[in-house]
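K.L.:
Under our numbering, the first residue of the sequence shown carries the number 263, and numbering increases by one thereafter.
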Amino acid sequence: MGLFDKIKGPIFYKDDSEAERQLEVLKELKQTASGEISDAIEQEIRLVEAGIDGEKQVRFELENSHIPMYVLHDLFYEYEGLTA
């Protein structure tokens, strides 16, 4: 009996995302920024929003795949000086 024989579909660990918090901080910063800084923050906001949308699409596909799997989201790994 294997690890995945016991589950029927995807199981998600760590549902929250650091990107949501990052987006909130960027929006707060943009309110006080001006000029080029404001433009750079706006560009970063667009990139973070695109990333969040992509994460939501991937999550939707995984949830509806009905493939037994464990999904570890937004984790930081370090092993022998290497990071991911």
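Glycine residues also receive a C-beta, built at the ideal position from the N, C-alpha and C atoms. Because the structure is a prediction, the values reported are computed rather than measured.
Quick check on DSSP: helix, strand or coil for residue 314?
P.N.:
Within the sequence shown, the letter at position 52 stands for residue 314. The answer is helix: DSSP assigns residue 314 an H, G or I state.
K.L.:
Quick one, are the C-beta atoms of residue 333 and residue 273 less than 8 angstroms apart?
P.N.:
The residue given as residue 333 occupies position 71 in the sequence shown. The residue given as residue 273 occupies position 11 in the sequence shown. Against a cut-off of 8 angstroms, the Cβ pair of residue 273 and residue 333 comes out as a contact.
K.L.:
Please classify residue 307: does DSSP put it in a helix, a strand, or coil?
P.N.:
The residue given as residue 307 occupies position 45 in the sequence shown. Three-state result, residue 307: helix.
K.L.:
Could you check how far apart the C-beta atoms of residue 314 and residue 282 are, in whole angstroms? I think they sit under 8 angstroms.
P.N.:
Counting from one through the sequence shown, the residue named residue 314 turns up at place 52. Counting from one through the sequence shown, the residue named residue 282 turns up at place 20. Taking C-beta atoms under 8 angstroms as the contact rule, residue 314 and residue 282 qualify, at a distance of about 7 angstroms.
K.L.:
How far does the alpha helix (DSSP H) with residue 291 in it reach, from first residue to last?
P.N.:
Mapped onto the sequence shown, residue 291 falls at position 29. Where residue 291 is concerned, the enclosing alpha helix (DSSP H) stretches over 280-294.
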